[in-house]
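Visitor:
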Amino acid sequence: MLWILVAIVALVLLWAISAYNGLVRLRQRVKNAWSQIDVQLKRRYDLIPNLVETCKGYMKHEREVLENVTKARAEAISAKGGAAEQAKAENALSQTLRSLFAVAENYPQLRANENMLKLQEELTTTENRIAFARQHYNEQVMKLNTKTEVFPTNLIAAAFSFEKKDFFEVELAAEKEPVKVSF
Amino acid sequence: MYEEISRNKRNSFILVAVFIAGVILLGYILGEAAGFGPIAVVFAFIFAAVFALTGYFKGDKIVLAVSRAKPAAREQYPQLYNVTEELTIASGLPMPALYVIPDDNAPNAFATGRDPAHSSIAVTTALLNRLNRAELQGVLAHELSHVGDYDILFATLIGILVGTVAMLSDFFLRYMFWTGGGRRRSRSSSNSSSGGGGIIMVVAIILAILAPLFALIIQLAVSRQREYLADANAALMTRYPEGLASALEKISRSPGEMKAANRATEHLYIVSPIKNLRDREQKKKSLFSTHPPVADRIRRLREMAGENGQLAAT
Numbered sequence: 069m070l071w072i073l074v075a076i077v078a079l080v081l082l083w084a085i086s087a088y089n090g091l092v093r094l095r096q097r098v099k100n101a102w103s104q105i106d107v108q109l110k111r112r113y114d115l116i117p118n119l120v121e122t123c124k125g126y127m128k129h130e131r132e133v134l135e136n137v138t139k140a141r142a143e144a145i146s147a148k149g150g151a152a153e154q155a156k157a158e159n160a161l162s163q164t165l166r167s168l169f170a171v172a173e174n175y176p177q178l179r180a181n182e183n184m185l186k187l188q189e190e191l192t193t194t195e196n197r198i199a200f201a202r203q204h205y206n207e208q209v210m211k212l213n214t215k216t217e218v219f220p221t222n223l224i225a226a227a228f229s230f231e232k233k234d235f236f237e238v239e240l241a242a243e244k245e246p247v248k249v250s251f
Numbered sequence: 021m022y023e024e025i026s027r028n029k030r031n032s033f034i035l036v037a038v039f040i041a042g043v044i045l046l047g048y049i050l051g052e053a054a055g056f057g058p059i060a061v062v063f064a065f066i067f068a069a070v071f072a073l074t075g076y077f078k079g080d081k082i083v084l085a086v087s088r089a090k091p092a093a094r095e096q097y098p099q100l101y102n103v104t105e106e107l108t109i110a111s112g113l114p115m116p117a118l119y120v121i122p123d124d125n126a127p128n129a130f131a132t133g134r135d136p137a138h139s140s141i142a143v144t145t146a147l148l149n150r151l152n153r154a155e156l157q158g159v160l161a162h163e164l165s166h167v168g169d170y171d172i173l174f175a176t177l178i179g180i181l182v183g184t185v186a187m188l189s190d191f192f193l194r195y196m197f198w199t200g201g202g203r204r205r206s207r208s209s210s211n212s213s214s215g216g217g218g219i220i221m222v223v224a225i226i227l228a229i230l231a232p233l234f235a236l237i238i239q240l241a242v243s244r245q246r247e248y249l250a251d252a253n254a255a256l257m258t259r260y261p262e263g264l265a266s267a268l269e270k271i272s273r274s275p276g277e278m279k280a281a282n283r284a285t286e287h288l289y290i291v292s293p294i295k296n297l298r299d300r301e302q303k304k305k306s307l308f309s310t311h312p313p314v315a316d317r318i319r320r321l322r323e324m325a326g327e328n329g330q331l332a333a334t
């Protein structure tokens, strides 16, 4: 009788350990996924000054568009909230970039500029990387959040104070589409 | 997905086991026929083991070499690298080695390797030239999902183990057909080689009988369901099924035929590179085709896309 009790306790303990480890692993993955987004966001910040510089020479009458991009970039860099806060600032930046490319369509010389073509490919790939990194991050967050809510892992999650994470939301419908910057 | 992975690993193991057993059996029969005794079995086992190990560890390199694929330089193909890297972020898979096949007529692509950490994707220059960015993304996502599912392991082993035997049978069949008359004359002049000739004849006959069987094995093993699944995974990965759908349309409409594709590698490609096979696939789901009809794949992708042409982001 005692042995059965010991066996049951041991089983429960084993389960608790594996559930705890599973939660830790998921939390780690969420962290990793977030740093992936971070890397790509930085990549975009680094590309923007170069882009603005290249466009300046051609776009004499569109100062405002360029200033908006620079301003949105600065705001995105200084955004220091959670995922939700960051997402808002980044979405605003994406929006200004999109209008910049739309305006750039009116400048044939700019379109032919080799530097511009390279930057365009770089920015397109960065936008895609951000989108995919976000997709990956949200998938991991969903897994973690589900685990912290469903029974019985929620007991472990509550005992060791695992928290639910914010999704990196996409607010604009246009954001879901792949960025197509075609000249 | 985990089911797919374990199924592919299990199938690969069975394939290798059957291959080794088959070669040993062949060695035994030949050994008895030629009077070499049990030593032939040992040789057959060593030969089969070396062959299988080569197929496992070097199969990808062999397939790439046969397909005349060259390593793609990042400076020369920045977009190919960019698009692939984007998708590795989406899928969480390691970056595959990228290869380009110099073929300006037939847009096509395939993936090979033994696991995601040792995977390669090859695309033809025609594919890079004719597809736009979204279409290229769709094709590479399809290939990457073959990588993630371990389809590449099984398909590469099939290509090396069964494909080689199928091609050998073809060769022997032709050899027997063309030299059937000539051989008798040469044998009468030199009797010393008649024993060796007898063994070759036996091998040739066995292979000739087995040839259609092997071809059938390839087709049965490389299930068409895999292609549908890879298409669906690609759509999930990119959240943009229309990219792959439109790419498949372009690839299947291209009249060019791939020179570097053959019976052992045909099943690896995203769309069958051999034109008459493709035409047959277009018409109906033939028993002998390795790929599902392209039109059907495109229809399924477009159904996934729904009315507004995109999947709901999750």
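From first to last, the protein sequence lines are chains X and F.
Mapping of the first sequence onto our numbering: residues 69 to 251, in sequence order.
Mapping of the second sequence onto our numbering: residues 21 to 334, in sequence order.
Glycine residues also receive a C-beta, built at the ideal position from the N, C-alpha and C atoms.
This structure is a prediction, so every number in the text was calculated from the model and none was measured.
Do F:N128 and F:P293 count as a contact pair if the criterion is CB distance below 9 Å?
Guide: Yes, they are a contact pair.
Visitor: Closer than 6 Å by C-beta to F:G133: which residues in its own chain qualify, once you throw out the five before and the five after it? Chain order, please.
Guide: Here the set comprises D80, S139, S140 and I172.
Visitor: Around the C-beta of X:W71, are 16 or more other C-beta atoms found within 10 angstroms, so that it is buried, or is it exposed?
Guide: Under this definition X:W71 is an exposed residue.
Visitor: Since F:S139 is in the alpha helix (DSSP H), which residue starts that stretch and which ends it?
Guide: Element bounds for F:S139: not the alpha helix (DSSP H) but the beta strand (DSSP E), H138 to T144.
Visitor: Which of the three DSSP states, helix, strand or coil, is assigned to F:K90?
Guide: Residue state, collapsed to three classes: strand.
Visitor: So what does DSSP say about F:A254, is it helix, strand or coil?
Guide: Of the three classes helix, strand and coil, the one that applies to F:A254 here is helix, per DSSP.
Visitor: Compare the C-beta of X:A84 against all C-beta atoms of chain F and say whether one is closer than 9 Å.
Guide: For X:A84, the answer is no, since every Cβ of chain F falls outside 9 Å of its Cβ.
Visitor: Quick one: give me the first and last residue of the beta strand (DSSP E) that F:L118 is part of.
Guide: It spans A117 to I121 - the beta strand (DSSP E) in which F:L118 sits, taken as one unbroken run.
Visitor: State buried or exposed for F:M221, treating a residue as buried only when at least 16 other CB atoms are found within 10 Å of its CB.
Guide: With fewer than 16 Cβ atoms within 10 Å of its Cβ, F:M221 is classed as exposed.
Visitor: Among X:R197, X:I224, X:L165 and X:L187, which one has its Cα closest to the Cα of X:I105?
Guide: If we check each option's Cα against that of X:I105, X:R197 comes out closest.
Visitor: What three-state label does DSSP hand F:R134 in the structure shown?
Guide: F:R134: strand per DSSP, three-state reduction.
Visitor: Return the chain-ordered list of same chain residues with a C-beta closer than 8 Å to the C-beta of F:G57, the five sequence neighbours on each side being excluded.
Guide: For F:G57, where only same-chain residues beyond five positions count, the Cβ hits under 8 Å are G51.
Visitor: Let me see if you follow: with CB-CB separation under 9 Å, is F:Q157 close to chain X or not?
Guide: So, interface residue.
Visitor: So F:R150 contacts chain X; which residues on that side make the cut at Cβ distance below 8 Å?
Guide: In chain order: nothing, as chain X lies at least about 15 Å away.
Visitor: So with Cβ pairs under 9 Å, would you call F:G47 a contact of chain X?
Guide: No, its Cβ sits nowhere closer than 9 Å to a Cβ of chain X.
Visitor: Can you have a look at X:V92 and say buried or exposed, based on whether 16 or more other CB atoms are within 10 angstroms of its CB?
Guide: X:V92 comes out exposed.
Visitor: Here's a check: name, in chain order, each residue in its chain whose Cβ is nearer than 6 Å to the Cβ of F:L156, leaving out the five neighbours to either side.
Guide: Cβ within range, chain order: V103.
Visitor: Counting beta carbon pairs with one atom in the region 146-157 of chain X and one in the region 107-116 of chain F, are three or more of them shorter than 8 Å?
Guide: No: the two stretches stay apart, fewer than three of their Cβ pairs being nearer than 8 Å.
Visitor: Using a Cβ-Cβ cut-off of 9 Å, state whether X:A201 counts as contacting chain C.
Guide: Although the question refers to chain C, the structure presented lacks it and instead comprises the protein chains X and F.
Visitor: Which residues, in chain order, does the region 86-104 of chain X contribute to contact with chain F at a C-beta distance below 8 Å?
Guide: Answer in chain order: Q104.
Visitor: Which residues in the same chain as F:V43 place their Cβ atom closer than 6 Å to its Cβ, once the five residues preceding and following it in sequence are excluded?
Guide: The residues are A64 and A68.
Visitor: For F:N28, I'd like the list of residues in its chain whose CB is within less than 7 Å of its CB, leaving aside the five on either flank, ordered along the chain.
Guide: Contacts found: D169, Y170, D171, L173 and F174.
Visitor: Expressed to the nearest angstrom, what Euclidean distance is found between the alpha-carbon atoms of F:I82 and F:L45?
Guide: Spanning the two alpha carbons is a distance of roughly 26 Å.
Visitor: Hey, X:L115 and X:L168: beta-carbon distance below 9 Å or not?
Guide: Their beta carbons are not under 9 Å apart, which means X:L115 does not touch X:L168 by this criterion.
Visitor: Verify whether the separation of the beta carbon atoms of F:R317 and F:A265 is less than 9 Å.
Guide: It is a contact, given that the beta carbons lie within the stated cut-off.
Visitor: At least one CB of chain F closer than 9 Å to the CB of X:N174: is that the case?
Guide: No, X:N174 does not count as interfacial toward chain F.
Visitor: Starting from X:N89, trace the alpha helix (DSSP H) in both directions and tell me its first and last residue.
Guide: Unbroken alpha helix (DSSP H) run through X:N89: L70 to K124.
Visitor: In chain order, what residues of the same chain have a beta carbon less than 7 Å from the beta carbon of F:R283, not counting five sequence neighbours either side?
Guide: So the qualifying residues of the chain are G183, A186 and M187.
Visitor: For F:R207, is the classification buried or exposed, using 16 other Cβ atoms within 10 angstroms of its Cβ as the cut-off for buried?
Guide: Caution is warranted here: a pLDDT of 44 is assigned to F:R207, below 50, making its placement in the model unreliable, and the coordinate value is therefore given only provisionally. When all chains shown are included, F:R207 counts as exposed.
Visitor: In this structure, does DSSP put F:A129 in helix, strand or coil?
Guide: Here F:A129 sits in strand by DSSP.
Visitor: Look at F:E286 and F:V314 and say whether their C-beta atoms are less than 9 Å apart.
Guide: No.
Visitor: Taking 8 Å as the cut-off, does the region 96-113 of chain X touch the region 121-129 of chain X (at least 3 CB pairs, one atom from each stretch)?
Guide: Counting Cβ pairs under 8 Å, fewer than three are found: no touch.
Visitor: Where does F:T176 land, buried or exposed, given buried means 16+ other C-beta within 10 angstroms?
Guide: The residue in question, F:T176, is buried, as its Cβ has 16 or more Cβ neighbours within 10 Å.
Visitor: Judging by CA-CA distance, which residue of X:F235, X:M184, X:P220 and X:T216 is the nearest neighbour of X:L94?
Guide: Nearest of X:F235, X:M184, X:P220 and X:T216 to X:L94, Cα basis: X:T216.
Visitor: From X:Q96 to X:N174, what does the alpha carbon distance come to, in whole angstroms?
Guide: Distance between the alpha carbons of X:Q96 and X:N174: 46 Å.
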